[in-house]
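There are 2 protein chains.
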Amino acid sequence: MAVKIFLNEDEIPRQWYNIAADLPGTMNPPLGPDGKPISPDMLAPVFPMNLIEQEMSQERWIDIPEGILDLLYRWRPSPLRRAIYLEQYLQTPAKIFYKDESVSPAGSHKPNTAVAQAWYNKEFGIKKLTTETGAGQWGCALSYACCLLKMECKVFMVRISFDQKPFRKSMMETWGGTCIASPSNETAAGRDILAKYPDTPGSLGIAISEAVEAAVTDTTGQTRYSLGSVLNHVMLHQTIIGLEAKKQLAKAGIKKVDTVIGCAGGGSNFAGIAFPFTLDKINGADIEIIPVEPASCPTLTRGPYIYDHGDVAKMTPMLPMYSLGHDFIPAPIHAGGLRYHGMSPLVSQAVAHGLMAPMAIKQLECYEAAMTFAKTEGMIIAPESSHAVAATIRKALEAKAERKERVILFNLSGHGLMDLAGYSKFMKGELKNAELSQKELDETLERSVKGNPVPAL
Amino acid sequence: MAVKIFLNEDEIPRQWYNIAADLPGTMNPPLGPDGKPISPDMLAPVFPMNLIEQEMSQERWIDIPEGILDLLYRWRPSPLRRAIYLEQYLQTPAKIFYKDESVSPAGSHKPNTAVAQAWYNKEFGIKKLTTETGAGQWGCALSYACCLLKMECKVFMVRISFDQKPFRKSMMETWGGTCIASPSNETAAGRDILAKYPDTPGSLGIAISEAVEAAVTDTTGQTRYSLGSVLNHVMLHQTIIGLEAKKQLAKAGIKKVDTVIGCAGGGSNFAGIAFPFTLDKINGADIEIIPVEPASCPTLTRGPYIYDHGDVAKMTPMLPMYSLGHDFIPAPIHAGGLRYHGMSPLVSQAVAHGLMAPMAIKQLECYEAAMTFAKTEGMIIAPESSHAVAATIRKALEAKAERKERVILFNLSGHGLMDLAGYSKFMKGELKNAELSQKELDETLERSVKGNPVPAL
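Keeping their order, the protein sequence lines are chains E and C.
In short: position in the first sequence from 1, add 1, done, that's my numbering.
In short: position in the second sequence from 1, add 1, done, that's my numbering.
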């Protein structure tokens with residue numbers, strides 16, 4: 002039977018879907034240091050104007066430029082797969098489909114926006130991009146994109162991942178990027194943190210501060226910063242995942258999806274698979290949409306919906322989002338890409354309006370799910386993606402208990418071939434669960450978001 | 002433009018091509034310890050009888066059992082890609098296509114035969130397989146196959162690769178296999194070598210001895226040995242690569258291929274892409290067919306065509322093949338999968354009859370080629386595959402010099418995501434070329450194959 006559903010290259014979606022056009026409630030703007038909405042000009046030192054316009058766009062469908070399609074064709078459309086072996090193993094009546102974003106050269110969904118951002122920056126005359134990376138997926142993706150477009154790339158990598166995944170650096174370097182551990186001594190933000198916490202495992206929040214600083218302090222004017230998640234234009238670029246999935250499900254004869262699942266760190270792969278289906282839900286369809294996060298970094302399930310900075314050093318504007326506090330440093334779980342204190346404002350707005358049903362899962366259940374997936378479907382997946390698989394297994398077993406033939410779609414955001422150290426530790430029994438205690442949660446919120454403005458609903 | 006040419010699942014070839022039916026000259030049988038042709042029964046402790054029959058078959062087309070097709074469907078048909086970015090970079094008039102075998106869960110072409118062998122063994126009632134692995138590709142592939150078929154798997158991994166690529170072990174373990182460094186203390190063959198050469202980097206020849214010994218000394222009778230290359234049935238299973246490629250080239254409107262290239266260690270990925278085209282050559286087509294080997298292990302370009310053992314401890318029969326001597330230990334280059342002293346008898350026979358034009362390339366040129374490939378096509382490839390890319394670049398530049406629009410097809414045998422240590426060393430300038438000296442060659446041949454029988458032509 003057909004376990005892989007492909008699209009031809011000419012079936013690739015030619016527009017991205019912008020959920021900002023359809024979300025219920027107020028579109029809360031980012032706020033500057035003075036508490037007032039920031040203007041596009043204020044972002045100009047950080048991003049090129051064409052991306053700033055896209056960031057603020059309310060247009061529902063945005064054309065994908067031919068130049069970007071040419072780059073996406075290199076690995077897209079990505080396959081949709083039916084997880085028949087996992088279904089058989091679980092003895093579930095559920096039909097499980099997954100979008101396989103591991104097929105990109107960088108190994109994850111991240112190049113979908115990396116090539117788009119690099120392309121827009123190049124159009125704007127930019128020669129160099131700086132960024133941060135958690136697990137390393139994004140740093141690799143941007144290095145890859147900059148390689149294709151012949152641009153420079155500098156990546157600040159969260160120290161714990163830098164140490165756990167040394168080959169990520171080699172990968173970035175193979176594509177011509179440079180990669181340093183964050184916090185580093187190269188930026189004021191990095192030096193401050195190192196002075197306070199010399200042994201810090203780092204965090205995405207810190208690395209973002211460093212990368213933004215490195216971009217805005219470059220006096221040539223030809224450097225900008227690129228973010229791999231959180232922002233509206235990043236979510237936009239990722240919607241190609243869900244748009245392709247819709248076409249593929251139709252090819253497979255599936256008329257209705259019941260559950261859509263993605264892991265959520267900053268929200269980009271989740272938004273990518275989920276937003277096109279969220280549109281259906283807004284239009285009345287009965288779909289359960291589940292962002293899955295680690296119990297050690299439970300932004301959507303336990304954080305408040307509040308204005309907060311995207312980074313530790315408060316270099317970014319305040320964004321309306323679920324947040325655990327901009328200086329929160331999550332436990333060093335292996336799913337480095339999910340260790341972010343905040344969440345995409347678009348995802349946050351959708352959650353705040355009840356369009357989504359977030360779920361938090363502990364590390365060991367996720368690794369169990371990853372092992373089950375490897376032994377049934379055969380693929381070794383990223384620790385981040387294992388959160389989506391763990392949630393999928395929960396839902397598939399629920400369907401079994403209820404004897405309902407549900408259709409579950411999840412996003413397989415990346416492979417785990419660079420993450421085998423975590424698998425090895427898990428198999429040796431060396432990994433533990435990490436869950437945020439109420440005390441830690443209270444402390445971080447008191448410290449970093451107390452008194453911040455609350456977004457309007 | 003279309004850079005990827007897919008086949009639908011129902012277009013997968015349903016027969017393997019057995020070149021033994023068509024090769025010119027004598028089919029020289031394997032020889033036993035007494036110098037006489039061995040009978041099928043003598044191989045029975047090592048392999049299941051269904052595979053032994055296949056090993057000796059002279060039938061041209063052999064049906065692929067449905068049970069094996071079901072396993073192959075998990076990742077096949079594999080994509081054929083047009084290397085337009087490499088072409089543009091080289092400014093060559095050549096059209097370069099490559100078959101992307103990196104898409105299997107184990108990351109290489111090896112599962113093509115791993116799932117077939119595991120399936121035939123299971124049909125025969127076998128519960129456990131032992132094997133060796135060089136770079137780790139084969140060990141991962143067989144662990145994966147045994148996982149799918151719920152069989153046990155034990156892998157002896159050449160020590161230098163075991164040390165260079167620690168995550169290969171984790172990968173095998175994720176699929177339920179066990180992996181130990183070879184030479185090991187678990188076998189008499191391993192202990193002998195360790196006593197003589199305690200610091201040996203190991204070799205495929207040693208690891209094969211250990212794996213065969215571990216299989217034949219298992220008194221339950223339910224363990225057999227599985228080889229990832231060299232043998233006729235392995236070449237047979239791999240021909241699906243070239244058979245698919247032919248269909249895909251036809252889809253792309255290509256009427257004639259001028260050059261077919263594959264890297265060659267034991268010969269399996271090379272045979273896989275090359276044998277279906279060799280049939281055309283035997284039938285009169287003008288095709289150049291190039292097996293590419295490392296200059297440090299130049300079996301086809303500098304070894305004699307002679308009878309030799311496949312392993313150090315002489316546990317295997319003598320095979321008619323090009324060989325550098327069964328106890329030859331090649332320099333520790335990073336392309337561990339090409340560090341084999343011998344060569345598939347079928348490939349050897351084809352070479353001996355002038356059907357192929359072997360080429361040896363040094364390590365640094367191969368890594369240069371791999372870097373060029375990463376920066377143009379985007380993929381980070383295995384050090385083994387880089388040999389095929391290096392030869393492809395040579396031929397593409399030749400076409401440029403001659404202003405000829407040649408069609409070049411090569412096999413991309415696997416990705417290099419587990420091989421980034423080598424890339425890292427190359428970028429730091431720490432890698433050297435290694436070439437076998439005439440003195441070393443003379444010594445190894447004198448030591449291990451002098452006086453051996455010479456196969457008939």
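The C-beta atom is built at its ideal place from N, Cα and C for all residues, glycine as well.
Report task. Could you check if lysine 111(C) is buried or exposed, using at least 16 other CB atoms within 10 Å of its CB as the buried criterion? Result -> Numbered from 1 along the second sequence, position 110 holds the residue referred to as residue 111(C). Lysine 111(C) comes out buried.
Requested in this report: Could you name the residues of chain C that serine 425(E) contacts, counting a contact when the two beta carbons are closer than 7 Å?
Outcome: For the purposes of this step, residue 425(E) is taken as residue 424 along the first sequence, with counting starting at 1. Residues of chain C passing the Cβ test: Ser171.
Query raised in the report: Applying the criterion that 16 or more other CB atoms from any shown protein chain within 10 Å of the CB defines a buried residue, is glycine 430(E) buried or exposed?
Result: Here residue 430(E) refers to the residue found at position 429 of the first sequence. That one is exposed.
Query raised in the report: What are the partner residues of glutamine 118(C), as DSSP defines its beta bridges?
Result: Counting from 1 along the second sequence, the entry for residue 118(C) is found at position 117. DSSP, once it has assigned bridges, lists no residue as partnering glutamine 118(C).
Query raised in the report: Are the C-beta of alanine 115(C) and some C-beta of chain E separated by less than 7 Å?
Result: Walking along the second sequence from the start, residue 115(C) turns up at place 114. Contact of alanine 115(C) with chain E is not assigned, every C-beta pair being separated by 7 Å or more.
Requested in this report: Consult DSSP for histidine 1(C) and reduce its assignment to one of helix, strand or coil.
Outcome: Nothing about residue 1(C) can be reported from this structure: the residues present for chain C run from 2 to 458 only.
Report task. State yes or no: is the beta carbon of phenylalanine 98(E) nearer than 7 Å to at least one beta carbon in chain C? Result -> Residue mapping note: residue 98(E) aligns to position 97 of the first sequence, counting from 1. Cβ-Cβ to chain C under 7 Å: no for phenylalanine 98(E).
Report task. Return the CA-CA distance between threonine 317(E) and alanine 361(C), expressed in angstroms with no decimal places. Result -> Here residue 317(E) refers to the residue found at position 316 when the first sequence is read from its first residue. Here residue 361(C) refers to the residue found at position 360 when the second sequence is read from its first residue. Cα to Cα, the separation comes out at about 55 Å.
Requested in this report: Residues of the stretch 150 to 180 of chain E with a CB closer than 9 Å to any CB of chain C: list them in chain order, please.
Outcome: Residues passing the 9 Å Cβ filter: Pro167, Phe168, Arg169, Lys170, Ser171, Met172, Glu174, Thr175, Trp176, Gly177.
Query raised in the report: Going by alpha carbons, who is nearest to leucine 244(E) out of Glu174(E), Ile65(E), Pro454(E), Gln138(E)?
Result: Indexing the first sequence from 1 puts residue 244(E) at position 243. Answer by Cα proximity: Ile65(E).
Requested in this report: Mind listing, in chain order, the continuous beta strand (DSSP E) runs of no fewer than 3 residues lying wholly within the stretch 136 to 195 of chain C?
Outcome: 153 to 159, 179 to 183
Query raised in the report: Does the distance from the C-beta atom of asparagine 113(E) to that of isoleucine 241(E) stay below 7 Å?
Result: By 1-based counting over the first sequence, the position of residue 113(E) is 112. By 1-based counting over the first sequence, the position of residue 241(E) is 240. The answer is yes: Cβ separation under 7 Å.
Query raised in the report: Three or more C-beta pairs closer than 8 Å, one from the stretch 344 to 359 of chain C and one from the stretch 378 to 389 of chain C: is that the case here?
Result: Cβ pair count under 8 Å is below three, so no.
**Report entry** Short Cβ contact (7 Å threshold) for serine 144(C) with glycine 178(C)
**Finding:** The residue given as residue 144(C) occupies position 143 in the second sequence. The residue given as residue 178(C) occupies position 177 in the second sequence. In contact: serine 144(C) and glycine 178(C) (Cβ atoms closer than 7 Å).
Query raised in the report: Can we say the stretch 344 to 355 of chain E touches the stretch 245 to 252 of chain E, given the rule of at least three CB pairs closer than 8 Å?
Result: As far as the Cβ criterion goes, the stretch 344 to 355 of chain E does not touch the stretch 245 to 252 of chain E, which means the pair count is below three.
Query raised in the report: Near proline 38(C), which residues of its chain fall below 8 Å by C-beta distance, leaving aside the five closest residues on each side in sequence?
Result: The residue given as residue 38(C) occupies position 37 in the second sequence. Closer than 8 Å at Cβ, skipping near neighbours: Pro30, Pro31, Leu32.
Query raised in the report: Can you pull the DSSP bridge partners for histidine 238(E)?
Result: Position 237 of the first sequence, counting from 1, holds the residue named residue 238(E). Its beta-bridge partners do not exist; DSSP assigns none.
**Report entry** Enclosing alpha helix (DSSP H) for alanine 215(C) [first to last residue]
**Finding:** As a first step, residue 215(C) is located in the second sequence; it is residue number 214 there, counting from the start. Segment 205 to 217, the alpha helix (DSSP H) holding alanine 215(C).
Query raised in the report: Name the chain C residues whose beta carbon is nearer than 7 Å to that of methionine 428(E)?
Result: Working through the first sequence from its first residue, we reach residue 428(E) at position 427. Result: Glu174.
Report task. Quick one: residues in its chain with C-beta nearer than 7 Å to the C-beta of threonine 445(C), no 5 flanking neighbours on either side, listed in chain order? Result -> In the second sequence, counting from the first residue as 1, residue 445(C) sits at position 444. Same-chain partners within the cutoff: Leu325, Gly326, Phe329.
Query raised in the report: When you compare each of Leu398(E), His416(E), Leu301(E), Pro321(E) to leucine 442(E) by their alpha carbons, which one comes out closest?
Result: Against the first sequence, residue 442(E) aligns to sequence position 441. The option with the nearest alpha carbon to leucine 442(E) is Leu301(E).
**Report entry** beta-carbon proline 46(E) near the ligand MN non-hydrogen atom, thresh 6 Å
**Finding:** Absence of the ligand MN is noted for the structure shown, with no ligands found whatsoever.
**Report entry** Cut-off 8 Å between Cβ atoms - residues of its own chain near alanine 457(E), not counting five sequence neighbours on either side
**Finding:** For this step, residue 457(E) is matched to residue 456 along the first sequence. Contacts found: Gly26, Thr27, Asn29.
**Report entry** Amino acids of chain E, ordered along the chain, whose beta-carbon sits closer than 9 Å to that of valine 4(C)
**Finding:** Sequence index remark: in the second sequence, residue 4(C) carries index 3 (1-based). Chain E residues near valine 4(C): Glu10, Tyr74, Arg75.
**Report entry** the stretch 129 to 153 of chain E: positions lying closer than 9 Å to chain C by Cβ
**Finding:** Tyr145, Cys148, Leu149
Query raised in the report: What's the C-alpha gap between alanine 107(C) and glycine 338(C)?
Result: Reading the second sequence from its first residue, position 106 is the one you call residue 107(C). Reading the second sequence from its first residue, position 337 is the one you call residue 338(C). Computed Cα separation, rounded: 14 Å.
Requested in this report: Could you tell me the boundaries of the alpha helix (DSSP H) in which phenylalanine 278(C) lies?
Outcome: Within the second sequence, numbered from 1, the residue matching residue 278(C) stands at position 277. Residues 269 to 283.
**Report entry** Three-state secondary structure assigned by DSSP to asparagine 51(E)
**Finding:** In the first sequence, the residue the question calls residue 51(E) occupies position 50. Helix at asparagine 51(E).
Report task. Can you say whether arginine 448(E) is buried or exposed, counting buried as having 16 or more other CB atoms within 10 angstroms of its CB? Result -> Position 447 of the first sequence, counted from the first residue, corresponds to residue 448(E). Burial call: exposed.
Query raised in the report: Would you call glutamate 403(E) buried or exposed, if buried means 16 or more other Cβ atoms sit within 10 Å of its Cβ?
Result: Walking along the first sequence from the start, residue 403(E) turns up at place 402. By the beta-carbon neighbour count (other beta carbons within 10 angstroms, threshold 16), glutamate 403(E) is exposed.
Report task. May I ask you to report which of helix, strand or coil DSSP gives glycine 355(C)? Result -> In the second sequence, counting from the first residue as 1, residue 355(C) sits at position 354. DSSP places glycine 355(C) in coil when its eight states are reduced to three.
Query raised in the report: Taking the alpha-carbon positions, what's the glutamine 55(E) to histidine 234(E) distance?
Result: As a first step, residue 55(E) is located in the first sequence; it is residue number 54 there, counting from the start. As a first step, residue 234(E) is located in the first sequence; it is residue number 233 there, counting from the start. Rounded to whole angstroms, the separation of the alpha carbons of histidine 234(E) and glutamine 55(E) is 6 Å.
Query raised in the report: Based on Cα-Cα distance, which residue from Asp42(E), Asp193(E), Ser162(E) lies nearest to cysteine 180(E)?
Result: Within the first sequence, residue 180(E) is the residue found at index 179, counting from 1. For cysteine 180(E), the nearest C-alpha among the options comes from Ser162(E).
Query - Complete runs of the beta strand (DSSP E) confined to the stretch 13 to 88 of chain C [at least 3 residues] - result: 16 to 18, 62 to 64, 81 to 83
Requested in this report: Determine the chain E residues that contact methionine 380(C) at a beta-carbon separation under 9 Å, and present them in chain order.
Outcome: The count along the second sequence starts at 1 and reaches residue 380(C) at position 379. Those within 9 Å of methionine 380(C) in chain E are Pro106.
Query - Residue closest to histidine 354(E), alpha-carbon to alpha-carbon, out of Glu214(E), Thr279(E), Pro454(E) - result: Taking the first residue of the first sequence as 1, we reach residue 354(E) at position 353. Closest option to histidine 354(E), Cα to Cα, is Thr279(E).
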